[in-house]
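Protein chains in written order, with the working numbering: chain A, 1 to 247; chain B, 248 to 654. Ideal placement from N, C-alpha and C gives every residue a C-beta, glycine not left out. Have a look at the structure below, then the notes.
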Amino acid sequence: MSNTDFAIAIEDLTVSFDGFKAIDGLNLYIDQNELRVIIGPNGAGKTTLLDLICGKTRATAGSIKFKNIELTKMAEFKRVRLGIGRKFQTPSIYENLTVFQNLEVSFPKGRSVMGALAFKCNDEVKARVQVVAEDIMLADRLDLEAGLLSHGQKQWLEIGMLLMQSPELLMLDEPIAGMSARERELTAELLQRICKGRSVIVIEHDMEFVKRIAHKVTVMHQGKILAEGPMAKVQADPNVIDVYLGH
Amino acid sequence: MTALRDLIKRYQLASVLVLTLLLAVVLPLTLDIFRLNLVGKYLTYAFVAVGLVMVWGYGGVLSLGQGVFFGLGGYAMAMFLKLEASDPITTKIQSTPGIPDFMDWNQLTALPLFWEPFKSLPFTLIAVIAVPTLLAWIISYAMFKRRVGGVYFAIITQAVALILTVLIIGQQGYTGGVNGMTDLKTMLGWDTRTNGAKYILYYVCVALLIGSILLCRWIQTGKAGTLLLAMRDKEDRVRFSGYDVANFRVFTFCLTAALSGIGGALFSLQVGFMSPSFVGIVPSIEMVIFAAVGGRMSLVGAVYGTLLVNAGKTFFSESFPDLWLFLMAALFIGVTMAFPMGLAGLWQDHVVPWWAKRRSEMRKDKAAAARRAAEDDASGAAPEAAAKAPRAAGTPERLGDVAGQRA
């Protein structure tokens, strides 16, 4: 397979933990500029899939190609430098640093030790932080310690930290978990804003939210893909209703 | 003027200045040369404590083997001094004149090859920094690249400390064994035992220590410092933001090893000997206690912690020699339980707010007095002044808070 059109091409991906196959011969192709939502019951392997793409877990077999570059043997930080950003399920931000510092640290310059020592927070960095902060609705909170933000704002901040790096593939693991209705609304708008010019993979359980944002939906079950396509088609699929939506 | 004030605030120069004044002016004026030399000796440990603030406080990686690097720096210096003290004339009663006395006692008849370069002072000065740094690089690269951290790292550093002690004691002919290297007298013919030399060495020590603190401050205030804090709290987030976490840890660990090596070299110079009792597990843990008592997030605090614990050690071991170890253990447990941020935390959480409160009360009193005066005049300007006062008083407190995070 060498189709360079896909943003990410996953083929025959398998990972087994002591014989248990969390991902089992999975094939998944995501187009450039596509917003794909992955749904599925607990234990379906959704988070493991993101772990495999970003390198937190190593694949047992199979291939993951990003922009036609093989990822499976690559170190995590190199994958990030290629343009893959990943948000964790629980907001993973630096609680003791200010919102500004959280974003500043994520700016993709000065990533080596010497680079970091020589790094200057110049106008370019400040301008970028300002732009991203406005995007994630935290422009008026820049000097606040990140630990003091509300849960929803922490989720946004982590998304902002990824946006600082202008990733070409953005992976969001349950971005609206624990958010109020109003925050969900704002997050949906945020996702629609930021998915322009990049591919986005979102794991989500909230069907209303999925309907609102998804271009295409992939349903996973027991480490395999159960169904794939537009939301309406997936919802009508008897298999999906059986294992997931019906309950 | 404001630029200067920003600079002072950013790098916490006020606290560094106070420390410099204390070390360079107050102590030399109040202590006799014997005590001052003792302070100089303690300050060499402070290099290690400052390093521990970086690697433990900021980096979140506890090393229980810093004595290794202190010892390597100290031994490198001691080897040079020992060679100079072992000229053929002073050692003419030995069966092989011109080699260090302990080699002669151990039936060595020629200087071992690895001793040869230590005849050169420039080589020695490079080795003082390079040898500890190189060992630190090997240990930390092997471990951090494999993501060994936390308690496992502490245990392995401790094992290294033990191994090096055993090696030094076992290889008596090459290292002087358990006695160490004694009778270090001159450096390039300059007698280091005179009072004048002791003063000069003390000031060299203070200058290098302050320089090290400033270097560490500079690192802390830059992106590398922010990254260290970020890694300590959310290692994975840093890794998945495109950083090679291990490299930053290796760098910090090597930096602290270099600082410890400098401290060790100054120890050999000021005290006139070096022995395995400054290399092993116990001194390594003692150095962690210095940093813990001073406050593991505070570079300046680490120096005060070192001075205080050592002053206590000198005082108590003069009066109750048997009790000292228990007292020190109690001190360590007490400090970590009651004041996890050490003396610096105590200062930041209690002294600074107390002072700010006092000042704001004083202002309130003043404002109240002004209001009374104004009421007498039946003027409307007073309430406005009273409303302004508490707000103005609140500002220094907040600035102090931010500063304290990094102090």
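- Distances from the CA of proline 91(A) to each of Arg484(B), Trp384(B) and Ala323(B) were compared; the closest alpha carbon is that of Arg484(B).
- Beyond the five residues adjoining it in sequence on each side, threonine 72(A) comes within less than 7 Å, by CB distance, of Ala59, Ser63 and Ile64 in the same chain, given in chain order.
- Contact between the segment 505-520 of chain B and the segment 229-245 of chain A is not established, with fewer than three Cβ pairs separated by less than 8 Å.
- For lysine 216(A), the three-state secondary structure derived from DSSP is strand.
- Counting only unbroken stretches of 3 or more residues, the beta strand (DSSP E) elements lying wholly within the segment 26-52 of chain A are 35-39, in sequence order.
- A Cβ of chain B is located within less than 9 Å of the beta carbon of alanine 116(A).
- Residue state for valine 200(A) is assigned as strand, using DSSP reduced to three classes.
- For the alpha helix (DSSP H) assignment, the uninterrupted runs of no fewer than 4 residues enclosed by the segment 275-299 of chain B are, from N- to C-terminal side, 280-299.
- Identification of chain A residues near arginine 486(B) by a Cβ-Cβ cut-off of 7 Å yields Glu76 and Phe77, ordered along the chain.
- In this structure aspartate 334(B) is exposed. Its beta-carbon is surrounded by fewer than 16 other beta-carbon atoms within 10 angstroms.
- Its Cα nearest to that of leucine 52(A), the residue Ala75(A) stands out among Gln101(A), Arg36(A), Gly40(A) and Ala75(A).
- Taking 9 Å as the CB threshold, tyrosine 305(B) stays off the interface with chain A.
- Under the DSSP assignment, glutamate 533(B) falls in the alpha helix (DSSP H) whose first and last residues are 528-541.
- In the DSSP assignment, serine 63(A) forms a beta bridge with Glu11(A).
- In the structure shown, aspartate 5(A) falls within a coil segment according to DSSP collapsed to helix, strand and coil.
- According to the DSSP assignment, leucine 226(A) belongs to the beta strand (DSSP E) that extends over 224-229.
- Measuring C-alpha to C-alpha distances from phenylalanine 100(A) to each of Met164(A), Thr218(A) and Leu117(A) identifies Met164(A) as the nearest.
- Put simply, the CB of asparagine 96(A) is near chain B, with a gap under 9 Å to one of its CB atoms.
- The alpha-carbon of glutamine 155(A) is positioned some 42 Å away from that of alanine 406(B).
- For aspartate 242(A), there is no enclosing alpha helix (DSSP H), as DSSP marks it with neither H nor E.
- At least 9 Å separates the CB of glycine 298(B) from every CB of chain A.
- Comparing alpha carbon positions, the residue from Met428(B), Leu368(B) and Gln419(B) closest to methionine 434(B) is Leu368(B).
- Within the model, the alpha-carbon separation for valine 550(B) versus arginine 479(B) is close to 23 Å.
- Annotation: the segment 70-155 of chain A contains the following complete segments of the alpha helix (DSSP H) (minimum length 4 residues), in chain order: 76-82, 99-105, 113-118 and 123-135.
- Glycine 519(B) places its beta carbon less than 9 Å from that of leucine 431(B).
- Residues Phe586 of the same chain have their beta carbon placed closer than 6 Å to that of leucine 593(B), with the five preceding and five following residues left out of the count.
- Proline 175(A) has a beta carbon lying at 9 Å or more from every beta carbon in chain B.
- The beta carbons of isoleucine 346(B) and alanine 357(B) sit closer together than 9 Å.
- Assignment of threonine 553(B) by DSSP, reduced to helix, strand and coil, places it in the helix class.
- Under the criterion of beta carbons closer than 8 Å, glycine 424(B) and phenylalanine 349(B) qualify as touching, at roughly 7 Å.
- Taking a C-beta distance under 9 Å as the contact criterion, phenylalanine 327(B) and lysine 366(B) qualify as a contact pair.
- With distances taken between CA atoms, threonine 468(B) lies nearest to Cys121(A) out of Cys121(A), Arg141(A) and Ala146(A).
- Remark: C-beta atoms of alanine 401(B) and leucine 309(B) approach each other more closely than 9 Å.
- The three-state secondary structure of lysine 256(B), taken from DSSP, is helix.
- Within the segment 156-187 of chain A, Glu158, Met161, Leu162, Met164 and Gln165 place their CB atoms closer than 9 Å to a CB of chain B, listed in sequence order.
- Chain-ordered, the chain B residues with CB closer than 9 Å to the CB of arginine 111(A) read Ser488, Gly489, Tyr490 and Asp491.
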